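>
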Amino acid sequence: MSLSERFEADGYLKIEGFVEHSACDRLQEHVIKGVESFVASGHNTRSIFSTINQEHRSDEYFLTSGDKIRYFFEEEAFDEEGNLTAEPDRAINKIGHAMHDLDPEFNLFSRTSDLAELASQLGLSEWVLLQSMLIFKQPRIGGEVSWHTDHTFLWTEPASVVGFWFALEDATLENGCLWALPGQHRLAPKSRFRRSGPGVTTEVFDETPFDDTGAVALEVPKGALIVLHGLLPHYSSANRSDHSRMAYTVHAIDPTAQYPADNWLQRRELPMRSFSG
Ligand code: FE2
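Under my numbering, the sequence shown is numbered contiguously, ending at residue 299.
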């Protein structure tokens, strides 16, 4: 079975050793420096991200981050005065959503010849990079991300989004690796997350929960790439281990698909580019 046939059949691909460890280390070091200088600059760090309580929903900082580099911190990382109670590199939850276009190091990591070649094998050479995220999944406090499909959040007509998930560290059962439901990318979308008034809302088309009886754990070593079909349900559990589970993701869409004006992520004056730049 070819790579693209496997992707079509399962809705995901797991490719170990896709990225050199040295490239993972370099990105991690760059990220930590960025977090530290962000905190040192005295910016308001009190914007948090949790898919469980959805407090960020009306948060302007989140909703205008589509064409910027923004830092989101853990809920538990602040005292009552809003001061960080942990080291910045242990308090950060994620960075998003346009590093791949605005930061040269991220651009370099996101647009390699290997990625362009893989995209072409999957018939995605024309696809453009919509968003990037650095997900920290901190030791002990890294939260669960409940079952969802990325199409819910990055909707196009027709559905086109594909996620590229890079393990910058080993992802294991203990530190909250991804889980997926093979084949369920063929089912209709159950919900759509979109802008509504000053905030956002989730429009639900099908209230039945995902059937996770066939769930597979995608444990991968550092340097692995997991490609996720936009309609494939996936999940990751909380990290209760002593090890972080840092991952970097980019999401690509078909530039000829319609991109709704009420998607949460909007890019005003930042053109989208493909894996080959
Ligand atoms: Fe996702």
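C-beta atoms are modelled at their ideal positions from N, C-alpha and C, and glycine is treated no differently.
All values reported here derive from a predicted model rather than from experimental measurement.
(1) Check the C-beta distance from A141 over to F40 and give it rounded, since I have them as a contact under 8 Å.
(2) Give me the residue from L156, F131, P126 and S132 with the minimum Cα distance to R92.
(3) Since Q206 and L25 are thought to touch, with beta carbons under 8 Å apart, how far apart are those beta carbons, to the nearest angstrom?
(4) Going by beta-carbon coordinates alone, are Q153 and G118 separated by less than 9 Å?
(5) Taking just the CA atoms, how far does A283 sit from R48?
(6) From which residue to which residue does the beta strand (DSSP E) around Q153 run?
(7) Figure out for me which residue from A274, G185 and W286 has the closest Cα to the Cα of M294.
(8) Report the CB separation of E96 from N115 in whole angstroms; it is logged as a contact under 8 Å.
(9) From the DSSP output, read off the bridge partner residues of N285.
(10) Comparing alpha-carbon positions, which option in D81, L209, G64 and Y281 lies nearest D32?
(11) What residue from E191, V150, D101 and P110 has the CA that sits closest to H122's CA?
(12) For A189, is the classification buried or exposed, using 16 other Cβ atoms within 10 angstroms of its Cβ as the cut-off for buried?
(13) So, with DSSP's three-state summary, where would you put G88?
(14) Taking all protein chains shown into account, do 16 or more other C-beta atoms lie within 10 angstroms of the C-beta of M23, making it buried, or fewer, making it exposed?
(15) If contact is defined by three or more beta carbon pairs under 8 Å, each pair taking one atom from either stretch, is the stretch 185-200 in contact with the stretch 247-256?
(16) May I ask you to verify whether the stretch 210-226 touches the stretch 165-183, counting CB pairs closer than 8 Å and requiring at least 3?
(17) Can you tell me whether V167 is buried or exposed? The criterion is at least 16 other CB atoms within 10 Å of its CB, across all chains shown.
(18) Return yes when at least one heavy atom of the ligand FE2 lies under 8 Å from the C-beta of V184, else no.
(19) Which residue's Cα is closest to the Cα of D233: R216, L240 and P204?
(20) Given 8 Å as the limit, tell me if V53 has its C-beta closer than that to any heavy atom belonging to the ligand FE2.
(21) Just checking my contact of Y111 with I54 at CB under 8 Å: how many whole Å lie between their CB atoms?
Once the coordinates are examined:
(1) A141 to F40, Cβ: 13 Å. No contact.
(2) L156
(3) Incorrect: roughly 20 Å between the Cβ atoms, too far for contact.
(4) yes
(5) 36 Å
(6) V150 to I157
(7) A274
(8) 5 Å
(9) R216
(10) L209
(11) V150
(12) buried
(13) coil
(14) exposed
(15) yes
(16) yes
(17) buried
(18) no
(19) P204
(20) no
(21) With the sequence shown as reference, residue 111 is identified as Asp, and Tyr is not the correct amino acid for it. With 8 Å as the limit, D111 and I54 qualify as a contact, their Cβ atoms being about 5 Å apart.
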